[in-house]
Each structure stands twice: as C-alpha cells, then as structure tokens.
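Down below is the structure, laid out as structure tokens.
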C-alpha cells in the first residue's frame, strides 16, 4: 500500500500543478480581458466567458485537489459531484456567450435566427443537469443520464464549432482556429462521458480538454480592445 501511494504521488503532483496553472491562467486572463475592453465588446465577452469558466471549474477542481491530497477522491464523492454539477452549468453558459461572440465577430456567418435554438438547448441541458436522477453525489451515477444531459450540450458545441469553422474559412482573424479548439475539447470530453466509469485512465483526457478551453480564452487577446 505504501509503495502504491509513493508511485501515485508524482501523478497527483502533476495533476495538482496543472489544475492550479489552468485556473490561474483562465481567471487572470478573464480579468485582463474585461479590463482591456468596454462592456459589450467581444473582447469583454471573452473576459466574462473566461471568468464564468474559471469560477465553475474552481468548484470542481479545488475540491478535487483537496481530495487527491486528503485520502483520495473516493472519500469526497459528494462534494466532487456537486462541483461537477456546477461546472456543467457554467460550461453551458460558456457556449451561450461564445455563440454571442460569434454573432459579433462573424456577423455574415452566424445566424441570429439560430440564437433561439442555442438558448433552448442551453435551457434543456441545465434542466437535465438538475434532475435528481443524475445522482451527482453518488459513487456510481447512471450512465444514461450522463448521456441524456450531454446530448443538448454536444449539439450546442457542434453549432458553435461549425459556424466558427465557416467563419475561419471565409475570413482571416485571430479566431480562425477557435473551432479546432472546440473540436479537440469534445473529442477529449466524450470518451470521458462514456467510458470513465470503466477506466479511470480515460479521465486523463480532461487535461487536453482543459488546454483546449484555455486556448479558446487566450484567443480573446488577439481581438482589439476598446
């Protein structure tokens, strides 16, 4: 048991440092982006989006760091589950704001008529997340509810990705590769949704997923502030 813990500590340290750097990067970037631009500007929206992302992920990652160094995640399942619920809701808001950034940045590409669909998907996603059948605080939450609540989330992400991709092919801008980051994030996220219950190693895909979101936030600095 002692040898296993010794072998595990380097990975715990790496994950802890990664999570701290990620949260500091996202939250600090969010504050700087808000300071650089006037309210309503797309760079300001990037800042708000980053702050919401960082705040939501903090509810998940900070308890996780504590759990990793406090006897293991198995002993802190309820608080970790609540953190995942909060992060799921804030990630939904993240994509709503990202859609509005697309409306400003690529007005010729993004359709304002689609905004209602994005909001409907966001509301559906949040409603599905708060159903008690998700059993967020359980050690073995049902996979089917994880799939159901992620269907509207995936649809939101695909709409955002496709429209940003169309914009990047039509115009050269600092957001030309944003769609790639969205694509990478979902490629890493979906296996975690489907298979993390079978293998904990699949959860490591959340690291490149976080890098993709950090990259999206940092792209906000390529826009001119006001």
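In our numbering, the protein residues as written are 283 to 508. The beta-carbon is built from N, C-alpha and C at its ideal position, and this holds for glycine as well. Note that the coordinates shown come from a computational prediction; the quantities given were computed from them, not determined experimentally.
If you pair each beta-carbon of the region 363 to 382 with each one of the region 441 to 448, do three or more pairs fall below 8 Å?
yes
Would you kindly work out how many angstroms separate the C-alpha atoms of residue 405 and residue 324, rounded to a whole number?
23 Å
If residue 344 sits next to residue 371, beta carbons under 8 Å apart, how far is it from one beta carbon to the other, in whole angstroms?
Incorrect: roughly 17 Å between the Cβ atoms, too far for contact.
Helix, strand or coil for residue 502, going by three-state DSSP, please let me know.
helix
If you count every other CB in all the chains shown that lies within 10 Å of the CB of residue 456, and 16 or more means buried, which is it?
exposed
Ranges of the alpha helix (DSSP H) found wholly within the region 413 to 486, counting only runs of at least 4:
425 to 452, 460 to 477
If we call anything under 9 Å between Cβ atoms a contact, is residue 445 one with residue 498?
no
Please list, in chain order, all residues of the same chain as residue 376 whose beta carbon is under 7 Å from its beta carbon, the five residues on each side excluded.
331, 334, 335
Tell me the DSSP secondary structure of residue 321 in three-state form.
coil
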